[in-house]
Every structure is written in C-alpha cells, then in structure tokens.
Amino acid sequence: MKNFSLISSCFSPLLVVDWGPLAQDTLYFRAASSTRDVGRHVGGLIDRMVTERGTNLNDVHIIGHSLGAHTSGFTGQSVRSGKVARVTGLDPALPGFTDQQPDKLLDPSDAQFVDVMHTCAGMLGHDRNLGHVDFWPNGGRVNQPGCGGIDDFVGACSHGRSYEYYAESIARPAAFKAYPCRSADEFREAKCRSGPIPMGDATPTTARGNHFLETNAKPEYGKGF
Numbered sequence: 122m123k124n125f126s127l128i129s130s131c132f133s134p135l136l137v138v139d140w141g142p143l144a145q146d147t148l149y150f151r152a153a154s155s156t157r158d159v160g161r162h163v164g165g166l167i168d169r170m171v172t173e174r175g176t177n178l179n180d181v182h183i184i185g186h187s188l189g190a191h192t193s194g195f196t197g198q199s200v201r202s203g204k205v206a207r208v209t210g211l212d213p214a215l216p217g218f219t220d221q222q223p224d225k226l227l228d229p230s231d232a233q234f235v236d237v238m239h240t241c242a243g244m245l246g247h248d249r250n251l252g253h254v255d256f257w258p259n260g261g262r263v264n265q266p267g268c269g270g271i272d273d274f275v276g277a278c279s280h281g282r283s284y285e286y287y288a289e290s291i292a293r294p295a296a297f298k299a300y301p302c303r304s305a306d307e308f309r310e311a312k313c314r315s316g317p318i319p320m321g322d323a324t325p326t327t328a329r330g331n332h333f334l335e336t337n338a339k340p341e342y343g344k345g346f
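According to the working numbering, the sequence shown is numbered sequentially starting from 122.
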C-alpha cells in the first residue's frame, strides 16, 4: 500500500501513522480498544497542522484498514477545527465493533464524505453500512477471487484484498466499475437501475448507498470501464 501511496505523494503531502506496537498487541481486544486513543492523538495532530501550518481540512483524506479504519473514524471525530474532507475505511474490523452507536465505530459523521470497502464482511470485516457509500466487491464476503483454502481459513486473504483493490485504484482510477444496487442478488441478476461509478481513490464524493462489482482473481484486479 505504501508503494502505491507514493504515487499520490508526488501531488500532495502524505502522512503515515505507525501505531504498530499497539495494533500488534497479542490480545486483540486490547488492540481494538487502543483505536480511540490513537485517533484522538492523530486528531490533535491534525488540529495543530491546521493552526500552525495552515492545513486546509478540505484537503485531508484519512485512509485505514481493519482496526485502522475505525482509527481513521475516531481521528475524524477528534478533529476540533472542523470536519476533514474524507475518510476511507478498508474492510473495517468487525470483532470488538458490534456496538450500534455512531461514536463507537466508523460512521458517516466522521468526515464530509466516508466511503467504505467490504471484502470479508461477517468474519474479520464489518457487515453493516458504515459510510455514505459502501462497496461490496464480489458480494463483500469470503472468499474473494484468488483467495481460498488454508490461506483464507479465517478470512485473512479476503480481508487484505480491500487495501490491494484500493492501492490499484490509485494507479488505475477507472479500474473498478461499481453499480448501485439494493443487494448482491440484484447485482448478479443485472437488476441495477443506474450506471456505474469508480470504486477506490476516484470515487465521487456524491456517491451514496450500496454499490456492487466483480473483480479478477489476480492483479490487475479491476475489470475496468
């Protein structure tokens, strides 16, 4: 993901938050409980960037995977100088985040625009709509194409597909063609009633609701427009 992110860093500043010592805690739920504190500290840093560096919140886009998706939401919640432009949640973690209250997990109120990608819903990833727009590639669940067997026994491969898809979308903005639909079944039956939008970095901030698409089993994952 970092390698692909460097592409965008040529055009705008890139800040990488390494909270590895907390995220890698052998007790998962202790790591999950740290997401709020990390978000609070990063939110404070963004406020300082606004006051001391003149950072425009309309230019701030926060991206996180799994626990990092909720951390990104808590960061958005914690910014006091306004509302950041965008938060992207890549297969937000489900274990430890089943509370229905918006301030307990990633939520549309965390930014001006929140987009979410689901690739292991109901197992490692959340199965609820958490954004203004939620993408469900290949139905959003295990096994994602190219995953399976012992490598995806607990969903790790499918869980990781979200950041692989997003990384590819930075280099290939039109790679992932997603259709607004009420359900995965309607998508499979070609009953979606309007045209596609790109999933990933180029997702329009006007997008709303559930969107479905299919991917390839290996890079290039996106089937394109």
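Every residue, glycine too, gets a C-beta built ideally from N, C-alpha and C. In this text the structure is predicted, and so the values were computed from the model without any measurement.
Considering only DSSP beta bridges, list what D255 is partnered with.
V237, N331
Any contact between the segment 188-196 and the segment 215-234? By contact I mean 3 or more CB pairs, one from each, below 8 Å.
yes
Based on Cα-Cα distance, which residue from Q265, G189, V181 lies nearest to G141?
G189
For V137, which of helix, strand or coil comes out of DSSP?
coil
In three-state DSSP terms, what is L245?
coil
Residues sharing a beta bridge with K298, DSSP
P319
Compute the Euclidean distance between the alpha carbons of F125 and Y342, then round it to the nearest angstrom.
Its pLDDT being 46, under 50, F125 is placed unreliably by the model, and nothing is read from it.
Does the Cβ of L135 have 16 or more other Cβ atoms within 10 Å, making it buried, or fewer, making it exposed?
exposed
Should L215 and D255 be called a contact, given that it needs their Cβ atoms to be closer than 8 Å?
no
C-alpha distance - L334 paired with C268, whole-angstrom precision
17 Å
Check each candidate in D212, L226, R169, G164 and name the one with the smallest Cα separation from S187.
D212
Buried or exposed by the 16-neighbour rule on C-beta atoms within 10 Å, applied to I271
exposed
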